[in-house]
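Engineer: Just so you know, the sequences run in chain order Y and B. Counting in the numbering used here, the first sequence runs without a single skipped number right up to 116 at its last residue. Counting in the numbering used here, the second sequence runs without a single skipped number right up to 1114 at its last residue. I have a structure here, written as structure tokens, and I will follow up with some questions on it.
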Amino acid sequence: DTAVSQTPKYLVTQMGNDKSIKCEQNLGHDTMYWYKQDSKKFLKIMFSYNNKELIINETVPNRFSPKSPDKAHLNLHINSLELGDSAVYFCASSPGGPPLRNNEQFFGPGTRLTVL
Amino acid sequence: AQSVAQPEDQVNVAEGNPLTVKCTYSVSGNPYLFWYVQYPNRGLQFLLKYITGDNLVKGSYGFEAEFNKSQTSFHLKKPSALVSDSALYFCAVRDIRNFNKFYFGSGTKLNVKP
């Protein structure tokens, strides 16, 4: 009965590789997000999708490409991984219905990415 | 631009004592404010929110927060801390121009000692 799930939980890989992280939510929410949490625990939004449409695209290297095949899934593909990509990546979802201002976010457990 | 600040990296409190985790905000308009908690190796969990109405907001696990417009603050409080409250706490504000966007504070580590 997991609400927001992510796979894998841990990802260790070499510099230059390409990897993907998957996210699924079973809450029926319309909006999904990717956040990056760095080693100092600072949390920054990367992308957001609403009903499969990209609505937020922060200043993120174009090596990062999100994909939303349907509104319950939001995947993150990273090309040519760099040392600085090491972080914990969180997926989140939020109801899209009105009033939008009331809606909080529901977070997944995170994916710890380590680039060697 | 919207932002929140958490001035304390860490707060230490003894079990049974009241706790306060501070958050101040900067918003050009009505703020929509949230508190989340992150336990080790877990995702963030929603605690409470202020949208409108009463300045004192009650949330999960006995936490509450007081919205103070004049001081632009939204401090998280609990009358009696538990060791299990030890975690990382994040304040967040919703972007009033894009409700889908949130800005998070830098987090405050709460240590509750027995």
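Note that CB positions come from ideal geometry on N, CA and C, so glycine has one too.
Which chain B residues sit within Cβ distance under 8 Å of Thr31/Y?
Structural biologist: Simply Asn1100.
Engineer: Classify Asp30/Y as buried or exposed, calling it buried when 16 or more other Cβ atoms lie within 10 Å of its own Cβ.
Structural biologist: So Asp30/Y counts as buried.
Engineer: Skipping 5 residues on each side, what residues in its chain have a beta carbon closer than 7 Å to that of Glu1015/B?
Structural biologist: If we look at Glu1015/B and ignore the five residues flanking it on each side, its Cβ neighbours are Ala1081, Leu1082, Val1083, Val1112, Lys1113 and Pro1114.
Engineer: Report the rounded CA-to-CA distance for Ser48/Y versus Phe64/Y, giving the unit in angstroms.
Structural biologist: Distance between the alpha carbons of Ser48/Y and Phe64/Y: 13 Å.
Engineer: Contact between the stretch 1 to 19 of chain Y and the stretch 93 to 113 of chain Y: three or more CB pairs below 8 Å?
Structural biologist: The answer is yes - the stretch 93 to 113 of chain Y touches the stretch 1 to 19 of chain Y, with three or more Cβ pairs under 8 Å.
Engineer: Nearest to Lys44/Y by alpha carbon, out of Pro95/Y, Ser68/Y and Phe90/Y?
Structural biologist: The shortest C-alpha separation from Lys44/Y is found at Phe90/Y.
Engineer: Which of the residues in the stretch 102 to 116 of chain Y, read from start to end, lie with their CB under 9 Å from any CB of chain B?
Structural biologist: Of all residues in the stretch 102 to 116 of chain Y, Asn102, Asn103, Glu104, Gln105, Phe106, Phe107, Gly108, Pro109, Gly110 and Arg112 have a Cβ within less than 9 Å of some Cβ in chain B.
Engineer: Check the Cβ of Arg1042/B against every Cβ in chain Y and list those closer than 9 Å, keeping chain order.
Structural biologist: Under the 9 Å cutoff, chain Y gives Phe107, Pro109 and Gly110.
Engineer: DSSP beta-bridge partners for Thr7/Y?
Structural biologist: Thr7/Y pairs with Lys22/Y.
Engineer: With 9 Å as the limit, tell me which residues of the stretch 30 to 55 of chain Y have their beta carbon closer than that to any beta carbon of chain D; keep them in chain order.
Structural biologist: Annotation note: the requested chain D is absent from the structure, which comprises protein chains Y and B.
Engineer: Within a Cβ cutoff of 6 Å, which residues of the same chain sit near Phe35/Y, ignoring the five residues on either side of it in sequence?
Structural biologist: In the sequence under discussion, the amino acid at residue 35/Y is Tyr, which differs from the Phe named in the question. Closer than 6 Å at the Cβ level, and outside the excluded window around Tyr35/Y, lie Leu43, Ile45 and Phe90.
Engineer: Is there at least one Cβ from chain Y nearer than 8 Å to Arg1094/B's Cβ?
Structural biologist: Chain Y, which has a Cβ nearer than 8 Å to the Cβ of Arg1094/B, makes this yes.
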